[in-house]
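Sequence lines, in order, name chains C and X.
277 is the number that the working numbering gives to position 277 of the first sequence; each next residue is one higher, with no gaps.
Position in the second sequence counted from 1, then plus 10000, gives you the working numbering.
Where is the CB? At the ideal position from N, CA and C, for every residue including glycine.
Note that the coordinates shown come from a computational prediction; the quantities given were computed from them, not determined experimentally.
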Amino acid sequence: MPGTRVTTHRLVHIYRSEGHEVAALSGVDLDVPAGGMVGLLGPSGAGKSTLLNLLAGVFRPSAGKIFIGDLELSSASDRHLDVMRAQDVSLMLQGAQRNLLPYYTPYENVRFAQGAARRAGKDVPQPDEVLETVGLADHAHTDLAALTPGHLQLAALAVAMAPQPGLLLADEPTSQLDHPARDRVLERMSVANRELGTTVVIVTHDPDVSAYLPRTITIRDGRVGGEGRSGEEYAVITPDGFLPLPLHVREELLPGTLVRFHRNEHGEYVLITEEQADG
Amino acid sequence: MRFRYRPFQAVVIALLAALVTACAAFAPLYDRAMRQALADIVIDRTPPQFSGLQVTGTVDQEYGFGYHSQAPPPEPELVLSKVPPDLRAHYRDPIMGYSALVMRSPGGLTDPRSELLWRDRQCEHLEMVDGACPSAAGEIAVSQADADQFGLTTGTTFEVAGVPGNGRHPAPTSTDLTVAGVYRQVPGDYWFGTTLTGRSGTSDPVPPSHIQGDVWVTPRTTFESRDLPTLPQATSSVDLPLDRDAVGVDDLLAMGTAIDDLSGRTNSISGASLSYLSGMSDLAEDVRAQTGQSRVTVPLLMAQLGLLAVVVLWLVLLAVTEQRRPEVALARLRGRGRRGARRLLVGELLPVALAGVVPGVALALLGTWFARSVVLPGSAPFELRLPLLYALLIAVAVLTLVTVVAVVRVTREPVVTLLRRVPPRRTGWSLGVADALLIAGCGSVVVVFATGGLDGPVALAAPGLLAIVVGLVLAHLTTPTASLVGGRMLRRGRVRAGVSVVDAARSPATRRVVAIVTLATALAVFSADALLVGDRNRQSAAEQEAGAPAVAEISGTDVRAVRAALADVDPDGRLATPVVRTVPANNTARVTVAVVPDQFRRIAIFPDGGPSAAVWDRLQASDDQPIAFAGGHVDLTLTDSTLRSQRVAGGPQPITFGIDVEIVDTGETLHVALGEIPKPAKQVDLDADVSCASGCNLTGIWLGTLPGATMRGKATVGALTTDDGAVPLGPAGQWNGFLDTTKGSIRPAEGSGDDLVLEVDGRGADELTMPQSWIPGQLPALVAGSLPPGSSENRFTLTGLDAEDQPAARAGTITRVPAGGPETSVVNLDLALRGTELAPTDRLSVWLADDDPALLDRVRAALADHQVRIANVRTLSDVRRSYDESAAAWSLQLAALVGGAALLIALLVLVVSAVSSWRFRTRDLAALRMAGVPPRSIGSMSVASQLPAVVVGVVAGTAAGLYGAHLALPIVPLFADAPLVSTLDLGIAWGAVLLAALAALVVLGLGGALIGRAMARRSDLQRLRETI
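Following this line, the structure appears as structure tokens:
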């Protein structure tokens, strides 16, 4: 099955708590093509997990639109969301055990995760095949309590991949793993992305993980703050024409600083402050 | 698989489900066992002639001009054939019989008239004292009394008259009967209550009052032989003894209806009319009424226990489903939707809950077995009937409903809420919709019930519903209040207590514990109160009905012999006292009870304490002395008599002068006429023989004339002269005048010396009596109930011991007379006996201060020495047993079970709450430890934090239970039948209530303390590293 494209337009999400309102996302525009593999980076509280939950249909956006394939989530009914989660979108929660029913083996968990898709008539692989894909076939029928953290995370990945979703959303999938386990999990996710065409969106803090990913998007203050492609970091101009400065530049160019863009003789854009221009 | 992961939760859920099921299943099982026991008891208590069926075939005599005739009665087998087979099946082998009324020829008043009787297998139940059991037609066996009284010794032959046949059965009109032997009746159920002896030598109360003989027993052939005449009033009969072992409560109820139907029809066979006699209808009615009562109490108690179990199950399920929020979230994230998530939880929890049904049924069966073996008398059979199935279906429905609702509550939450690791907790006042609805609903029912607008089954749940309301409101108030109080304590430096209270406020289990402890304590308090109030009322009713620890009914009315016998056994009158009771002519008449006040006050039981000694003293006799004399002949002289009697339409009539005397030894009263006073005369000498050799008291002087004639005048009465000397009749103060507005008057007046002057003004009464002042003119009486109509102020008329009207004066009131009815007068026996004798209808009894058999034996022996026999003895414990062996009492015994179970359930809630929140709480304690609080202080704070919820719940539950008892006890049946005199006291049984509250405090407080200690032990610093 080909992956699912993810698009957001001017996505806004506001938390309301005890009379206070906090804007977690303030107009996020994002486009992840089908079969893409993207990491969402950013400091704590930047809004990356919120964005991930919005993409999974867990939250409804306060404003803006989200398209998961052809489905627009802000106006989708609960039933449509259920169908979407059953067949097309899998969310891996942070902490492997939160993705698993504690009384089931990996095999049974995978089968459980396929239940809704099967009922909807989707052709899904056998649980053994899924476990084979993530490299956990040897532990298919082992009690969860007997699995290592790495195996548990692989089991969580298997559960997420069980219905062969078009979109895999993973929240810190490697946060509690040692390096070999982390690499194994990332490798399996890459395999899923590569071989099955699944679109993968990963929230991570880990620079090693982000380095592993072909594309990263940095969320900062509820907005897309930058994008990395193949190890290079870029700022992204918003549809309104705004350009969020990279963090290290912001430390030098204080608010109120006047700048202008200059195109040099090589056709490159150069940002010149008023001070530089006068000097 | 899933249960293995959380075995403790599964066990708790299954246990509670088992309890709910047991409550539902036990009610019909116990109710059924109770009915069976009730049927057993009722049948056992009933004499065979009432529990059995007697069918009698009677052929009426045919009367014509100058003749009468009668066909023979139908054969008993024919009579038996008229008993429907399905009814017949409930009885043992029938006892056939014939009877007739025969009289020895020639039929004079001194010729005995007896019942001639044949009963199947009769010789097996007779002991032949002489001769042999009769076996040939015309042979009879007689009693020893008849043999002695009428000379009917073995071998004697005499003739009895028969009835001419009606043409179909020509036979001789008389026959000879030959005495084959003398029998003694062997008592037993076989005789169906028939006593063969006891009438020999007595007069037939029906004119012309032939002398009666005992029953003459004869073989069947006497009635069926063609050589013998049809005997007068011959009947055939079949007695069917009830097969007690085979008749259950359903049979009993059906038989009552069947026999009613049978009796209501006109039944005849071969020209004979059939009558059916049985007490089965009354028994069925009794059982029906009592089982109706059990339908109130059993559900009242079991439904509330079931309600508690359901509430606890609900709370446990809430905790369990709360714990499964991540799993529900997973199901939702995997696209299963709300329905799929619901299926996931229901699929896990419902089988566990339903698995509790099986042990629940087993528990109910075990409880019923225990009840049948220990609590209920008799041997109620083990039965599995349809109501059990209904109860199980209800239990399954309730378990399913509770489980599904608890699951739905979680699964309908949005995914985002489900994904939160810690569910939102409220520390301030907040009331969920469900709780608000529950409080409003339960509260409405309680209010409607309290204002008298509700009755029936819903009303039975009032105490439980009230406790739910109180518990929930309190639970919601506790957390904010505890936060407030704890905060204040901390600010004032009371760290340890403050932390404990704040800990309690922070604990998510506090609300749950407060609600459940309130409900459980309320139930325990209500149950204890109901149990003890029932017990107390049965005891009071039994004491009121029995009158004394033991009461021996005396055969006959020889009160003086009884008193003499009691004086031998108990000279001080502390152990036994005589009591005489008049039998009223109708149900509404007042009963007079004559007692020896000092003795009666000590020996009789007064459930409410009885009158004071001063009140009893008002019954004491006056100081007046009788005019005593002795001799076999008395002379008396009247002087200056102006007495004359005149009829309205006639001439002068003679006046009879007489005296009333009482023989001191026997109490017998003699009405002696001394002679006539023909006309006014200067002197009239009168005399008569009297049986006063052993001593008499002169109790009255009377004058008599013809009815309707007047009597007027004066006369001076001189001294009464006997063989022993003269007895002066003056002064006038020794006499009470008699005045009646319709009859006239006779008054004493002073004469010269010891003479007595009579002033007479008779207005048509045939006799005027002037009583001696020793005879009470008005009998002082303590009165229970209201005075009879026609009483003026405190003066009224009661029934004297001679069954005649007796003027009386109310000397005081008495709330209830022991063993007396609501309208009873208590008089002094000594006073009431003066100048009178007991009527044959009076009931004489000896009341004993103790039911010690040794005392009874001594009294029995002393009475026997005075030729007095005890007819029967009834003890207080007998009466109490009869109250205890009733559906009402058995139903209330469930209260003990319910109270205990309620506390255990509450204890279970404490444990479950601790288990479901121990991580959270031990982390708090670990944080304190980290902050440097010593382990010992942490231990005491942890223990103390458990107690506020328990104390608050116990106090509130006690109050709710008391008010619930106040509301519900009036509708709880305490007796099978309301006692004749109500001793109802629904006052709070404070001892039981305090004990129940204390038990709740100790059990739950101790449980809470142990849990607190266990928490403290687990509060090591490792907990702080755990992720909640």
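Own chain partners of residue i with C-beta closer than 8 angstroms, once the 5 adjacent residues on each side are dropped
{"i": "alanine 10732 of chain X", "result": "Pro10748, Ala10749, Glu10750, Gly10751, Leu10756 and Val10757"}
{"i": "glycine 10753 of chain X", "result": "Pro10728 and Gly10730"}
{"i": "proline 10680 of chain X", "result": "Ser10641, Thr10642, Leu10643, Arg10644 and Gly10713"}
{"i": "lysine 10743 of chain X", "result": "Gly10762, Arg10763, Gly10764, Ala10765 and Leu10768"}
{"i": "leucine 10354 of chain X", "result": "Ala10017, Val10396, Leu10399 and Thr10400"}
{"i": "leucine 10876 of chain X", "result": "Ala10542, Glu10543, Ala10546, Ala10548, Pro10549, Ala10550, Ile10605 and Asp10851"}
{"i": "leucine 10418 of chain X", "result": "Arg10325, Pro10326, Val10328, Ala10329, Arg10332 and Val10410"}
Cβ-based burial, residue i [other Cβ within 10 Å; buried from 16]
{"i": "threonine 50 of chain C", "result": "buried"}
{"i": "aspartate 10261 of chain X", "result": "exposed"}
{"i": "methionine 10930 of chain X", "result": "exposed"}
{"i": "alanine 10467 of chain X", "result": "buried"}
{"i": "glycine 10256 of chain X", "result": "buried"}
{"i": "alanine 10832 of chain X", "result": "buried"}
{"i": "leucine 271 of chain C", "result": "exposed"}
{"i": "aspartate 10245 of chain X", "result": "exposed"}
{"i": "leucine 10928 of chain X", "result": "buried"}
{"i": "glutamine 276 of chain C", "result": "exposed"}
Pairwise C-alpha distance: residue j and residue i
{"i": "histidine 10090 of chain X", "j": "threonine 10400 of chain X", "result": "44 angstroms"}
{"i": "proline 10584 of chain X", "j": "proline 10822 of chain X", "result": "13 angstroms"}
{"i": "alanine 181 of chain C", "j": "serine 10483 of chain X", "result": "47 angstroms"}
{"i": "valine 10311 of chain X", "j": "isoleucine 10516 of chain X", "result": "8 angstroms"}
{"i": "proline 33 of chain C", "j": "glutamate 10348 of chain X", "result": "41 angstroms"}
{"i": "serine 10174 of chain X", "j": "isoleucine 10211 of chain X", "result": "20 angstroms"}
Chain-ordered chain C contacts of residue i [CB-CB under 7 angstroms]
{"i": "valine 10415 of chain X", "result": "Val58"}
Contacts of residue i in chain X (Cβ-Cβ under 7 angstroms)
{"i": "proline 102 of chain C", "result": "Tyr10005"}
{"i": "leucine 91 of chain C", "result": "Leu10333"}
Selection from the options that minimises the alpha carbon distance to residue i
{"i": "valine 10140 of chain X", "options": "X:Gly10107, X:Leu10876, X:Asp10176 and X:Gly10162", "result": "As written in the sequence, residue 10140 of chain X is isoleucine, which differs from the valine given in the question. Out of X:Gly10107, X:Leu10876, X:Asp10176 and X:Gly10162, X:Asp10176 has the C-alpha closest to the C-alpha of isoleucine 10140 of chain X."}
{"i": "threonine 10922 of chain X", "options": "X:Leu10833, X:Asp11020 and X:Ala10541", "result": "X:Asp11020"}
{"i": "valine 10661 of chain X", "options": "X:Phe10158, X:Thr10769 and X:Arg10601", "result": "X:Thr10769"}
{"i": "valine 259 of chain C", "options": "C:Val249, C:Asn109 and C:His141", "result": "C:Val249"}
{"i": "proline 43 of chain C", "options": "C:Gly222, C:Gly166 and C:His9", "result": "C:Gly222"}
{"i": "leucine 10636 of chain X", "options": "X:Gly10658, X:Pro10480, X:Glu10115 and X:Ala10132", "result": "X:Gly10658"}
{"i": "leucine 11001 of chain X", "options": "X:Thr10266, X:Thr10518 and X:Ala10254", "result": "X:Thr10518"}
{"i": "proline 10229 of chain X", "options": "X:Gly10306, X:Pro10463, X:Leu10638 and X:Glu10159", "result": "X:Glu10159"}
{"i": "proline 10654 of chain X", "options": "X:Ala10628, X:Glu10668, X:Val10684 and X:Ile10627", "result": "X:Val10684"}
{"i": "serine 10275 of chain X", "options": "X:Ile10259, X:Cys10123, X:Pro10232 and X:Leu10366", "result": "X:Ile10259"}
{"i": "proline 239 of chain C", "options": "C:Val224, C:Ala158 and C:Tyr15", "result": "C:Val224"}
{"i": "glutamine 10734 of chain X", "options": "X:Asp10724, X:Leu10344, X:Ala10630 and X:Pro10776", "result": "X:Pro10776"}
{"i": "alanine 10809 of chain X", "options": "X:Gly10737, X:Leu10848, X:Ala10524 and X:Asn10794", "result": "X:Asn10794"}
{"i": "threonine 10058 of chain X", "options": "X:Ala10180, X:Ser10294, X:Thr10218 and X:Thr10266", "result": "X:Thr10266"}
{"i": "phenylalanine 10223 of chain X", "options": "X:Gln10212, X:Thr10235 and X:Asp10214", "result": "X:Thr10235"}
{"i": "valine 36 of chain C", "options": "C:Pro244, C:Thr199 and C:Asp206", "result": "One point to set straight first is that residue 36 of chain C is glycine, not valine, in the sequence displayed. The shortest C-alpha separation from glycine 36 of chain C is found at C:Thr199."}
{"i": "proline 10359 of chain X", "options": "X:Ala10014, X:His10866, X:Ile10269 and X:Arg10035", "result": "X:Ala10014"}
Own chain partners of residue i with C-beta closer than 7 angstroms, once the 5 adjacent residues on each side are dropped
{"i": "histidine 139 of chain C", "result": "Pro106, Leu147 and His151"}
{"i": "glycine 10493 of chain X", "result": "none"}
{"i": "leucine 10350 of chain X", "result": "Thr10400 and Thr10403"}
{"i": "alanine 10341 of chain X", "result": "Val10328, Ala10331, Arg10332 and Thr10411"}
Contacts of residue i in chain C (Cβ-Cβ under 8 angstroms)
{"i": "arginine 10336 of chain X", "result": "Asp82, Ala86, Gly115 and Ala116"}
{"i": "proline 10326 of chain X", "result": "Arg98"}
{"i": "leucine 10349 of chain X", "result": "Chain C residues near leucine 10349 of chain X: none, gap ~13 angstroms exceeds 8 angstroms."}
Contact set between residue i and chain X, taken where Cβ atoms lie within less than 9 angstroms
{"i": "leucine 167 of chain C", "result": "Neighbours of leucine 167 of chain C on chain X: none; closest Cβ ~13 angstroms, over 9 angstroms."}
Same chain only: Cβ atoms within 6 angstroms of residue i, ignoring 5 sequence neighbours per side
{"i": "alanine 342 of chain C", "result": "Outside the shown range of chain C (1 to 279) lies residue 342 of chain C, about which nothing can therefore be said."}
Interface residues of chain X facing residue i [CB-CB closer than 8 angstroms]
{"i": "leucine 99 of chain C", "result": "The residue asked about is misnamed: residue 99 of chain C is asparagine in this sequence, not leucine. Within 8 angstroms Cβ-Cβ: Leu10330."}
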